[in-house]
Amino acid sequence: MRPLLSRIIPLLLLSIVILSILFATVYLPQVALLTLFHGPLAWINAAFMVLTEAATLITFVAENFMTEGQIVDTFDAVLMHAAEKSNDAEFREHIYALVHTARDIHPEREGAIAKLGEHRKSPYLRFSCRLTMEFICELPLNFIPLVGAPLFLMLQGYHLGPLSHYRYMQLNDLHKKEKKKFIILNRWRYWLFGLPHVGLQVFPVLSILFLFTSATGAGLWAVEDQKRLFYGTTRSGPSTRPQRPGQGERKRSWWWWKK
Numbered sequence: 018m019r020p021l022l023s024r025i026i027p028l029l030l031l032s033i034v035i036l037s038i039l040f041a042t043v044y045l046p047q048v049a050l051l052t053l054f055h056g057p058l059a060w061i062n063a064a065f066m067v068l069t070e071a072a073t074l075i076t077f078v079a080e081n082f083m084t085e086g087q088i089v090d091t092f093d094a095v096l097m098h099a100a101e102k103s104n105d106a107e108f109r110e111h112i113y114a115l116v117h118t119a120r121d122i123h124p125e126r127e128g129a130i131a132k133l134g135e136h137r138k139s140p141y142l143r144f145s146c147r148l149t150m151e152f153i154c155e156l157p158l159n160f161i162p163l164v165g166a167p168l169f170l171m172l173q174g175y176h177l178g179p180l181s182h183y184r185y186m187q188l189n190d191l192h193k194k195e196k197k198k199f200i201i202l203n204r205w206r207y208w209l210f211g212l213p214h215v216g217l218q219v220f221p222v223l224s225i226l227f228l229f230t231s232a233t234g235a236g237l238w239a240v241e242d243q244k245r246l247f248y249g250t251t252r253s254g255p256s257t258r259p260q261r262p263g264q265g266e267r268k269r270s271w272w273w274w275k276k
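Spelled out as structure tokens, the structure:
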């Protein structure tokens with residue numbers, strides 16, 4: 018919770034300001050426009066559209082200027098916590114080595130967050146013109162009565178799902194072609210992960226909290242992937258004989274999903 022608590026007040030203010038501005042300026046014009054397509058339901062659908070637009074703006078500003086470092090810390094802390102709680106010293110060292118590919122770590126310290134040191138690779142996600150254009154092009158789907166809004170959320174979940182493991186791909190040192198293949202292998206898993214992430218972002222103010230819960234969920238998924246890779250089976254306890262991967266194998270842990 019420490020990464021979230023350090024930003025909670027600024028993020029709440031950001032959410033309130035953006036929601037207030039959008040509802041004061043674009044809500045009624047969108048109601049007027051949607052009346053042509055939705056009739057009496059225009060008031061509800063316009064509110065959904067404004068919430069979606071606000072969630073996108075809040076997420077963009079928060080992730081790029083306010084919380085991206087804290088979200089990355091949350092993901093890394095989940096991995097470090099799993100290593101801390103493991104009774105298998107070799108698996109613990111394996112996770113430490115994975116996180117150490119991108120940042121300094123201090124295993125001697127107490128607590129998962131305290132173990133995290135300075136970044137040695139930039140943890141920040143680059144701005145994506147493609148995702149921006151997809152959002153703009155798909156937003157008019159909300160004009161379709163009844164099915165438009167759910168269809169919009171489903172497509173956004175499909176596009177945004179793979180971003181949940183941006184940090185995991187970075188830790189595994191995947192290159193552009195490897196990332197593309199990794200995403201294809203896990204496309205439906207990422208879609209199912211992205212659906213609730215996008216849906217929860219529509220909730221005012223709480224959407225900030227859900228950024229961190231999504232990072233936690235992505236971290237837990239990564240831990241399970243590493244357990245399967247390390248032990249070579251679905252079992253994850255020390256009773257299973259470890260098959261510790263080498264450096265080259267660790268970088269390509271995503272090949273597990275082909276099995």
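Count along the sequence shown from 1, add 17, and you get the number used in the working numbering.
The beta-carbon is built from N, C-alpha and C at its ideal position, and this holds for glycine as well.
Between the Cα of R120 and those of K194, N104 and A94, spot the shortest distance and give me the residue it belongs to. Selected option, being the one with the closest Cα: A94.
Candidates G216, Y207, V222 and V215, of which the one nearest W238 by Cα: The residue with the shortest Cα to Cα distance from W238 is Y207.
For H123, three-class secondary structure by DSSP: Assigned with DSSP and collapsed to three states, H123 falls in coil, not helix or strand.
I believe K138 touches Q87 by the beta-carbon criterion, under 8 Å. Please report the beta-carbon distance rounded to the nearest angstrom. The C-beta distance from K138 to Q87 rounds to 17 Å, too long to meet the 8 Å contact threshold.
Quickly, what does DSSP pair H182 with across the bridge? List them, please. Looking at the DSSP output, H182 sits in no beta bridge, so it has no partner there.
Straight-line gap, F54 to L158 (C-alpha atoms, nearest Å): Cα to Cα, F54 sits roughly 11 Å from L158.
Would S32 be called buried (16 or more neighbouring beta carbons within 10 Å of its own) or exposed? Burial state of S32 is buried, judged by a 10 Å Cβ sphere holding 16 or more other Cβ atoms.
My output table needs one value for L191: the three-state DSSP class, helix, strand or coil. Of the three classes helix, strand and coil, the one that applies to L191 here is coil, per DSSP.
L50 versus A79: straight-line alpha-carbon distance, rounded: In a straight line, the C-alpha of L50 is about 30 Å away from that of A79.
Helix, strand or coil at G134 [DSSP, three-state]: The answer is strand: DSSP assigns G134 an E or B state.
For K197, is the classification buried or exposed, using 16 other Cβ atoms within 10 angstroms of its Cβ as the cut-off for buried? It counts as exposed.
Taking the alpha helix (DSSP H) that D242 belongs to, which residues open and close that run? Looking at the DSSP string, the run of the alpha helix (DSSP H) that includes D242 is L223 to Y248.
Given a cut-off of 8 Å, decide if Q173 and V222 are closer than it, judged by their beta-carbon atoms. No, Cβ-Cβ distance for V222 and Q173 is not below 8 Å.
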